[in-house]
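Participant: Going by the working numbering, the sequence shown opens with residue 93, and the numbers climb by one from there. Glycine included, C-beta positions come from ideal geometry on N, C-alpha and C.
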Amino acid sequence: MKLESYDPVEKKRRYKIVRTDFGGPNGGDVEGEIITADETSGECCLQVGGETKTLSFGPRGIRIVGRRR
Numbered sequence: 093m094k095l096e097s098y099d100p101v102e103k104k105r106r107y108k109i110v111r112t113d114f115g116g117p118n119g120g121d122v123e124g125e126i127i128t129a130d131e132t133s134g135e136c137c138l139q140v141g142g143e144t145k146t147l148s149f150g151p152r153g154i155r156i157v158g159r160r161r
């Protein structure tokens with residue numbers, strides 16, 4: 093799955109990013125509001141506390157999953 097910067101904010105808020113290489117107490121959730129994310133490359137761009145961060149977890153290093161309601 094891939095989320096692009098031009099996708100509606102409402103669509104991106106339905107998802108969260110989870111690291112596939114981390115099984116810690118928070119389940120590997122990556123904090124922040126998604127700007128872009130790509131499961132194939134493992135790269136994502138997030139808005140965290142008013143700051144934009146670009147992160148790379150390597151190929152297949154993240155999953156984009158639906159948030160629980």
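Going by beta carbon distance, what residues of the same chain come within less than 7 Å of G158, once the five residues before and after it are set aside?
Facilitator: Position 66 of the sequence shown holds residue 158. Closer than 7 Å at Cβ, skipping near neighbours: R106, Y107.
Participant: Bridge partners of R111, per DSSP?
Facilitator: Residue 111 sits at position 19 when you count from the first residue of the sequence shown. Bridge partners of R111: I154.
Participant: Inspect the beta-carbon positions of K103 and A129 and report whether they are closer than 8 Å.
Facilitator: Stepping through the sequence shown from its first residue, residue 103 is reached at position 11. Stepping through the sequence shown from its first residue, residue 129 is reached at position 37. Contact annotation: K103 and A129 have beta-carbon atoms that are not nearer than 8 Å.
Participant: Do you know offhand how far I154's Cα is from G142's?
Facilitator: Walking along the sequence shown from the start, residue 154 turns up at place 62. Walking along the sequence shown from the start, residue 142 turns up at place 50. When rounded, the distance between both Cα atoms is 23 Å.
Participant: Please list, in chain order, all residues of the same chain as E135 whose beta carbon is under 6 Å from its beta carbon, the five residues on each side excluded.
Facilitator: Within the sequence shown, residue 135 is the residue found at index 43, counting from 1. Closer than 6 Å at Cβ, skipping near neighbours: S148.
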